[in-house]
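Student: The sequence shown begins at 0 in numbering that gives the first Met the number 0 and counts up one residue at a time.
No residue lacks a Cβ here, since even glycine has one placed at the ideal position from N, Cα and C.
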Amino acid sequence: MAHEQQQQAAFTLLQDYARRGREHGAELPSQDEVREEWGGIGFRLGGVRCVAALGDVTEILTYPDLSRVPRAKTWVKGLANVRGNLLPIMDLNAYLGRPPARLNRASRVLVIDQVGVHAGLLVDEVLGMRHFFQEEYSTEVGAVDGAVAPYLTGVFRRGDGDWHVFDMHALAASPQFLKVAG
Numbered sequence: 000m001a002h003e004q005q006q007q008a009a010f011t012l013l014q015d016y017a018r019r020g021r022e023h024g025a026e027l028p029s030q031d032e033v034r035e036e037w038g039g040i041g042f043r044l045g046g047v048r049c050v051a052a053l054g055d056v057t058e059i060l061t062y063p064d065l066s067r068v069p070r071a072k073t074w075v076k077g078l079a080n081v082r083g084n085l086l087p088i089m090d091l092n093a094y095l096g097r098p099p100a101r102l103n104r105a106s107r108v109l110v111i112d113q114v115g116v117h118a119g120l121l122v123d124e125v126l127g128m129r130h131f132f133q134e135e136y137s138t139e140v141g142a143v144d145g146a147v148a149p150y151l152t153g154v155f156r157r158g159d160g161d162w163h164v165f166d167m168h169a170l171a172a173s174p175q176f177l178k179v180a181g
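(1) For Gly127, does the three-state DSSP call read helix, strand or coil?
(2) Below 8 angstroms on the Cβ atoms is my contact criterion, and I expect Val116 with Val56 to pass it. Report the Cβ-Cβ distance as a whole number of Å.
(3) Closest to Gly119 by CA distance: which of Gly96, Asp90, Arg97 is it?
(4) Would you give the residue range spanned by the alpha helix (DSSP H) that Ala172 belongs to?
(5) What residues in its chain sit with their C-beta under 7 angstroms from that of Arg156, if we drop five residues either side in the sequence?
(6) Out of Gly141, Pro149, Pro87, point me to the one whose CA is closest to Lys178's CA.
(7) Return yes when the Cβ of Tyr150 is within less than 8 angstroms of the Cβ of Phe165, no when it is not.
(8) Okay, do the region 95–110 and the region 168–177 touch, 3+ Cβ pairs below 8 angstroms being the bar?
(9) Taking its Cβ as the centre, do 16 or more other Cβ atoms sit within 10 Å of Leu44, making it buried, or is it exposed?
(10) In terms of alpha-carbon separation, which member of Pro98, Lys76, Asp64 lies closest to Arg82?
(11) Determine the burial state of Arg67: buried for a count of at least 16 other Cβ atoms within 10 Å of its Cβ, exposed for fewer.
(12) If the criterion is Cβ atoms closer than 8 angstroms, does the pair Ala180 and Ala71 meet it?
(13) Taking the C-alpha atoms as reference points, what is the distance between Ala148 and Trp74?
(14) Nearest by alpha-carbon distance to Gly160: which of Val47, Pro98, Tyr62 is it?
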């Protein structure tokens with residue numbers, strides 16, 4: 000009999016906890032709103048802030064030692080030996096018809112592996128991982144340099160400015176990008 004009374008008391012106590020939780024739970028913010036996020040790697044090309052989808056960049060390197068490639072386009076910087084694999088390094092600014100990237104401590108190489116193209120892209124600076132909410136996205140990229148425009152799929156607009164979405168797949172599939180011989 001005492002055991003049944005203990006069980007009843009415990010059950011009553013749990014019911015009281017549940018009731019108080021529901022009463023105070025009404026004061027908490029609703030968890031129903033789920034905001035969809037998009038993540039990418041931020042980088043700078045001249046004065047343009049860009050972001051590439053996380054899955055499009057396989058690695059970020061400091062500028063490596065290079066072997067020159069004779070008779071290659073001026074935007075082909077050379078070949079790097081990265082862990083025993085040859086990686087062509089391209090100056091993305093120069094490829095896009097902009098002044099070539101100036102090498103400094105902020106310069107980085109974004110490694111891509113898209114549609115059979117394995118390459119390193121020299122950029123002015125990597126700005127780290129960036130996360131955006133889908134409602135910040137627009138397909139209207141605005142006024143941008145004409146050479147960059149074919150590779151931009153949209154822009155994330157927020158208080159700290161615009162982040163242009165750079166499509167690495169479109170770059171790797173571009174016939175001009177694949178023609179490296181000068």
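Tutor: According to the structure shown:
(1) Note: Gly127 maps to strand in three-state DSSP.
(2) The Cβ separation is near 13 angstroms, so there is no contact.
(3) Asp90
(4) 167–172
(5) Glu135, Ser137
(6) Put simply, of Gly141, Pro149, Pro87 the residue whose alpha carbon is nearest the alpha carbon of Lys178 is Pro87.
(7) yes
(8) no
(9) Of the residues assessed, Leu44 falls on the buried side of the cut-off, its CB having 16 or more other CB atoms within 10 angstroms.
(10) Ranked by Cα distance from Arg82, the options Pro98, Lys76, Asp64 are led by Asp64.
(11) exposed
(12) yes
(13) 18 angstroms
(14) Val47
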